[in-house]
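In this note's numbering, the protein residues as written are 3 to 239. Every residue gets a Cβ at the ideal spot worked out from N, C-alpha and C, and that includes glycine.
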Ligand code: ADP
Ligand code: ADP
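Here is the structure:
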């Protein structure tokens with residue numbers, strides 16, 4: 003279970019980005035976070051693995067209070083939560099397979115990590131993850147040669163290689179056309195259903211959230227203004 007408790011985030015001593023936000027997400031849920039630009043979606047998602055440290059409140063993953071963990075324990079917890087960015091966050095000049103292997107780094111010792119030493123098992127997992135997003139044939143292509151949708155599929159493969167319990171996706175389809183956005187959402191759906199990965203996803207497209215998420219959380223000016231079933235959502239949120 004992933005649980006945020008009374009999160010407050012104030013940037014630069016002046017911008018109140020999150021104002022007392024609490025959220026409990028059960029294993030296997032597919033939660034869409036919606037709200038206009040600046041409502042705090044990205045900040046909330048980044049608090050979930052402490053990419054942003056809240057000024058007040060805390061986050062629990064399976065009973066572990068993240069705010070109390072030391073660096074090493076926090077790294078272990080972060081491995082359990084894959085993070086997907088709007089702009090893919092790939093290494094442009096590296097090949098697709100090398101980008102996916104980065105998902106295995108959190109399983110390596112610091113020396114293995116420094117020299118990027120991967121085992122046969124790492125390669126096998128990376129290939130399997132690439133076949134999961136139907137990109138095995140692009141394995142040796144440079145990441146910057148791919149289309150936006152393909153890049154996001156690589157990012158998903160990289161995250162799956164990490165074997166996360168939870169995927170946090172920050173506007174993953176905002177740069178993509180409608181058809182590609184649906185394709186990417188389908189991959190999240192499959193990861194949710196087939197691998198039972200809990201998904202929290204920021205979306206500005208409410209229709210997309212309604213189509214794929216089982217639960218929707220609405221944010222406005224840093225506060226939760228809606229939390230319920232996607233089907234119960236009316237247009238005035
Ligand atoms: P959303 O993802 O819904 O667009 P954000 O979480 O990005 O919202 O932003 C919430 C508020 O916090 C906005 O007013 C934004 O300008 C501000 N903000 C976000 N990130 C930072 C930052 N790193 N430094 C200062 N202010 C920020
Ligand atoms: P499938 O179940 O579709 O045959 P796997 O799940 O065994 O495939 O592996 C596909 C990719 O997903 C691999 O790269 C693997 O590292 C990753 N993976 C496997 N099991 C899990 C899991 N429980 N959670 C997250 N990722 C996983």
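Its Cα nearest to that of residue 131, the residue 105 stands out among 105, 214, 222.
Around residue 9, the same chain offers 20, 23, 49, 56, 59 as residues with beta carbons nearer than 6 Å, after the five sequence neighbours per side are excluded.
Secondary structure note for residue 59: its beta strand (DSSP E) is the uninterrupted segment 58-63. Check the Cα spacing between residue 52 and each of 81, 31, 204, 180: the tightest is with 81. The straight-line gap separating the alpha-carbon atoms of residue 232 and residue 153 is approximately 28 Å. By the Cβ neighbour-count rule, residue 173 is buried, with 16 or more other Cβ atoms within 10 Å of its own. Contact between residue 28 and residue 3 holds: their C-beta atoms lie close to 6 Å from each other, under 8 Å. Residue 186 sits in a helix when the DSSP states are folded into three classes. Closest in alpha carbon position to residue 83, among 72, 108, 90, 91, is 108. For residue 20, no alpha helix (DSSP H) segment is defined; the enclosing uninterrupted segment is the beta strand (DSSP E) at 17-27.
Looking only at 133, 54, 30, the smallest Cα-Cα distance to residue 216 is reached by 30. Where residue 54 is concerned, there is no enclosing alpha helix (DSSP H), because DSSP gives it neither an H nor an E. By the Cβ rule, the region 108-128 does not count as touching the region 174-188, because fewer than three pairs are nearer than 8 Å. DSSP places residue 170 in the strand class (E or B) of the three-state scheme.
According to the DSSP secondary-structure assignment, residue 7 is paired through a beta bridge with 60. Residue 162 sits close to residue 193, with the two beta carbons spaced by under 8 Å. Beyond the five residues adjoining it in sequence on each side, residue 138 comes within less than 7 Å, by CB distance, of 129, 132 in the same chain, given in chain order. By the criterion of a C-beta distance shorter than 7 Å, residue 160 is surrounded in its chain by 101, 102, 104, 105, once the five residues flanking it on both sides are discounted. In the same chain as residue 62, and ignoring 5 residues on each side of it, the C-beta atoms closer than 6 Å to its own belong to 5, in chain order.
Here DSSP, grouped into helix, strand and coil, assigns residue 217 to strand. Contact annotation, residue 54 with residue 201: C-beta distance approximately 19 Å; criterion of less than 8 Å not satisfied. In the displayed model, residue 200 falls within a strand according to three-state DSSP. Judged by DSSP in its simplified three-state form, residue 97 adopts strand. Residue range 73-81 is occupied by the alpha helix (DSSP H) that includes residue 73. Note on residue 142: under 16 other CB atoms within 10 angstroms of its CB, so exposed under the neighbour-count rule.
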